[in-house]
Amino acid sequence: MMDYVLLVDSALCINCQACTIACRQAGNTNYSLPRLKVDGSRHYSCHHCEQPACCAVCSGGALIKNKDGIVLWERDNCLGCKLCVAACPHEAINYNSLFNEPVKCTFCWERLQQGEEPACSSACTTGARRFGKKEDILAHLSNRQKELASRGIKAVVEGLGDGQDDKVLFLKALG
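Taken in order, the sequence shown gives residues 48 to 222; the numbers are from our numbering.
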């Protein structure tokens with residue numbers, strides 16, 4: 048079991064959309080429903096939550112959390128009820144009515160199985176999106192917070208602690 052984490056550093060994100068373009072290319076999504084959406088400082092994508100609400104409401108068992116903590120979708124089990132879309136607290140699941148399927152981030156599961164990182168973090172030119180083993184990302188996060196603090200910038204982490212242990216962490220610089 049690998050404990051993967053994605054860190055999104057808002058202080059480094061320049062809203063260039065390289066991550067969203069790479070995501071679309073990796074997922075072969077020619078339609079308008081993204082797996083990842085970046086809108087200014089807001090990043091909408093699956094957090095691969097510790098206790099995913101989408102999995103809890105999925106009566107067909109189509110949304111599952113695998114042994115690595117990644118929330119995946121099983122096409123054959125999907126009933127098309129769209130409860131997962133409504134249940135997601137992060138607005139991270141879209142529903143493609145044309146293909147009758149939910150559209151969400153899978154951390155590019157196919158790429159991970161081949162030893163590659165997700166397309167979004169691979170394409171990020173500023174290092175705002177970092178993917179890796181949790182211990183490595185947490186070490187980087189600690190150093191990054193110290194760096195920002197040395198410049199008088201307070202930064203908070205979302206997605207970690209307070210009962211949360213999501214696979215997507217957000218470092219938000221407060222100024």
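We put the CB at the ideal spot given by N, CA and C, even for glycine.
In this text, all values refer to a predicted model and were calculated from it rather than measured experimentally.
#1: Mark Thr-67 as exposed unless 16 or more other C-beta atoms lie within 10 angstroms of its C-beta, in which case mark it buried.
#2: Spatial neighbours of Lys-84 within its chain, please: CB distance less than 6 Å, with the 5 preceding and 5 following residues excluded, ordered by chain position.
#3: Would you mind working out which of Leu-188, Leu-221, Glu-97 and Lys-180 sits nearest Ile-200, comparing C-alpha positions?
#4: What are the boundary residues of the beta strand (DSSP E) that includes Arg-89?
#5: Roughly how many whole angstroms lie between the Cα atoms of Cys-171 and Ala-100?
#6: Where does Lys-219 sit, in a helix, a strand or coil, going by DSSP?
#7: Considering only residues of the stretch 129 to 169, which uninterrupted beta strand (DSSP E) runs meet the minimum length of 3 residues and lie entirely inside it, listed in chain order?
#8: So is Pro-165 buried or exposed if we call it buried at 16+ other beta carbons inside 10 Å?
#9: Thinking just about the alpha-carbon of each residue, which of Cys-105, Val-52, Gly-107 and Ala-58 is nearest to the one in Gly-87?
#10: Roughly how far, in whole angstroms, is the beta-carbon of Ile-109 from the beta-carbon of Cys-125, given that I think they are within contact range, below 8 Å?
#11: Between the stretch 121 to 138 and the stretch 181 to 191, are three or more C-beta pairs nearer than 8 Å?
#12: Spatial neighbours of Lys-151 within its chain, please: C-beta separation below 7 Å, excluding the five flanking residues on both sides.
#13: Of the choices Asp-115, Lys-112 and Ser-144, whose alpha-carbon is the least far from that of Gly-127?
#14: What do you get for Ser-106, buried or exposed, if any count of 16 or more other CB atoms within 10 angstroms of its CB means buried?
Reading off the structure:
#1: As a working note, residue 67 is residue 20 in the sequence shown. So Thr-67 counts as buried.
#2: Residue 84 sits at position 37 when you count from the first residue of the sequence shown. Excluding positions up to five away in sequence, the list reads Tyr-91.
#3: What you label residue 200 is simply residue 153 of the sequence shown in a count that begins at 1. Residue Leu-221 is the option with its Cα nearest to Ile-200.
#4: Residue mapping note: residue 89 aligns to position 42 of the sequence shown, counting from 1. Arg-89 -> beta strand (DSSP E) spans 89 to 91.
#5: Translated into the one-based positions of the sequence shown, residue 171 becomes position 124. Translated into the one-based positions of the sequence shown, residue 100 becomes position 53. Answer to the nearest angstrom: the Cα atoms are 29 Å apart.
#6: Translated into positions along the sequence shown, residue 219 becomes position 172. The DSSP-derived three-state label of Lys-219 is strand.
#7: Counting only runs of 3 or more, we get 141 to 143 and 148 to 150.
#8: Within the sequence shown, the letter at position 118 stands for residue 165. By the 10 Å Cβ count, Pro-165 comes out buried.
#9: In the sequence shown, the residue the question calls residue 87 occupies position 40. Ala-58 is the residue among Cys-105, Val-52, Gly-107 and Ala-58 whose C-alpha sits nearest the C-alpha of Gly-87.
#10: As a working note, residue 109 is residue 62 in the sequence shown. As a working note, residue 125 is residue 78 in the sequence shown. Inspection of the sequence shows that residue 109 is occupied by Ala rather than by Ile. Rounded, the Cβ-Cβ distance is 4 Å, consistent with contact.
#11: No, they do not touch.
#12: For this step, residue 151 is matched to residue 104 along the sequence shown. If the five residues before and after Lys-151 are omitted, its C-beta is found closer than 7 Å to the C-beta atoms of Arg-82, Cys-93, Trp-120, Ala-139 and Ile-140, all from its own chain and listed in chain order.
#13: Indexing the sequence shown from 1 puts residue 127 at position 80. Gly-127 has its Cα closest to that of Ser-144, out of Asp-115, Lys-112 and Ser-144.
#14: One-based indexing of the sequence shown puts residue 106 at position 59. Taking a 10 Å sphere around the C-beta of Ser-106, we find fewer than 16 other C-beta atoms and assign the residue as exposed.
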